[in-house]
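Data first, discussion second: the structure below is written as structure tokens.
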Amino acid sequence: MIINNTFQSRPQLDKKFALRIAKQLAAAIADKGSASIAFSGGSTPKGLFTELSNKNIDWSKVTVTLVDDRWVDTTNNDSNDRLLRENLLQNYATNATFFSLKQANNLTESYLADLTKLANDFMPLDVAILGMGEDGHTASIFPCSAQVHQGLDENAEPSLIKVVPTTAPYERVTFNFAALIQSSNLYLHVVGQSKQDVISQALANDDATQMPIRAFLQNKDKTCNIFWAE
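Each residue of the sequence shown is one higher than the one before, starting from 1 at the first, in the UniProt record's numbering.
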């Protein structure tokens with residue numbers, strides 16, 4: 001199920017979205033004493049990061065992590081880890097706890113199992129913000145990868161998995177569908193007409209292996225709020 005939230009400009013979207021997220025994090029803190037949120041990377045959320053970092057909530061009780069990341073050094077320009085540290089973990093948000101997905105040199109099964117156990121301390125997420133590629137991939141669940149069925153398995157244990165896309169660079173580490181769909185508040189954050197076209201294509205068919213975003217947009221038990229601006 002989806003709810004469309006359309007804005008006239010990207011700055012307007014960023015302001016409204018940051019306000020909503022801040023309220024949801026604050027509500028989670030008031031309810032259970034802590035909150036957790038996972039972000040996607042790329043250029044789209046940079047304005048959102050700046051707006052949210054200036055929200056005066058109790059960031060010391062918030063765990064921030066990523067939906068997925070490229071398996072590169074955290075100083076690499078393609079690192080979502082670096083993107084988050086340089087753009088979100090500023091201002092008030094410097095007090096947040098950052099759970100990095102790259103805490104070792106080798107992306108092994110044992111590493112993923114250990115990291116998943118550590119992530120259980122803040123899972124399920126209070127907020128998860130997905131992005132989406134032109135091919136309909138979301139998180140790092142790529143339709144071109146041999147791991148697409150593993151990533152989309154509804155019956156799998158919520159976990160972090162390794163994905164090796166064939167149409168994009170780098171190995172990836174990503175939360176699987178089973179982990180992300182449990183988020184209390186699920187969002188898709190996209191901008192530009194081309195992404196609206198991809199959403200329309202995603203809603204026209206239900207084969208999630210061809211466009212993994214379909215698994216989230218068409219899930220009968222979870223509402224996905226789409227935040228979009230031209």
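Ideal placement from N, C-alpha and C gives every residue a C-beta, glycine not left out.
DSSP-derived helix/strand/coil call for Lys162
strand
Unbroken alpha helix (DSSP H) runs of length 4 or more, entirely within the region 49–126: which are they?
80–87, 109–119
Assuming Asn77 and Arg70 are in contact, meaning their beta carbons sit under 8 angstroms apart, how far apart are those beta carbons, in whole angstroms?
The Cβ separation is near 10 angstroms, so there is no contact.
Classify His149: buried if its beta carbon has 16 or more other beta carbons within 10 angstroms, exposed otherwise.
Exposed is the call here.
Beta-carbon separation of Leu48 and Ala28 under 7 angstroms?
no
For the structure I just gave you, are there three or more beta carbon pairs, one from the region 181–196 and one from the region 106–124, closer than 8 angstroms?
yes
Buried or exposed for Leu118, going by 16 or more other Cβ atoms inside 10 Å?
Exposed.
Flag this pair as yes or no: are the beta carbons of Leu130 and Ser40 separated by less than 7 angstroms?
Here Leu130 is near Ser40, since their CB atoms are less than 7 angstroms apart.
Whole angstroms are fine: how far does the CA of Ala204 sit from the CA of Lys15?
31 angstroms
Separation of Ile3 from Asn225, as counted between CA atoms:
5 angstroms
Can you pull the DSSP bridge partners for Ile141?
Thr138
From this set, Thr167, Thr138, Ile213, Gly192, which residue's C-alpha is nearest Leu13's C-alpha?
Ranked by Cα distance from Leu13, the options Thr167, Thr138, Ile213, Gly192 are led by Gly192.
Alpha-carbon spacing of Phe99 relative to Asn87, whole angstroms
15 angstroms
Between Tyr170 and the rest of its own chain, which residues show a CB-CB distance below 8 angstroms, the 5 nearest in sequence each way excluded?
Arg70, Trp71, Val72, Asp78
So, Ala26 versus Val62, is the Cβ gap smaller than 7 angstroms?
no
Coarse secondary structure for Ser200, derived from DSSP in three states:
helix
Starting from Ala179, trace the alpha helix (DSSP H) both ways and give me its first and last residue.
177–180
Can you list the beta strand (DSSP E) stretches of 3 or more residues lying completely in the region 12–37, in chain order?
none
Under 7 angstroms between C-beta atoms of Asp197 and Ser140
no
May I ask which residues mark the beginning and end of the beta strand (DSSP E) holding Ala229?
Residues 224–229.
Beta-carbon proximity check, Leu152 vs Phe175, cutoff 7 angstroms
no
Is the separation between the beta-carbon of Ala229 and that of Arg10 shorter than 7 angstroms?
yes
Which whole-angstrom value is the C-beta distance of Leu84 and Ala128, which I expect to be below 8 angstroms?
About 14 angstroms separates the beta carbons of Leu84 and Ala128, which is beyond the 8 angstroms limit, so they are not a contact pair.
Neighbourhood of Phe7 by C-beta, 8 angstroms cutoff - its chain only, sequence neighbours within 5 removed
Leu13, Lys16, Phe227, Trp228, Ala229
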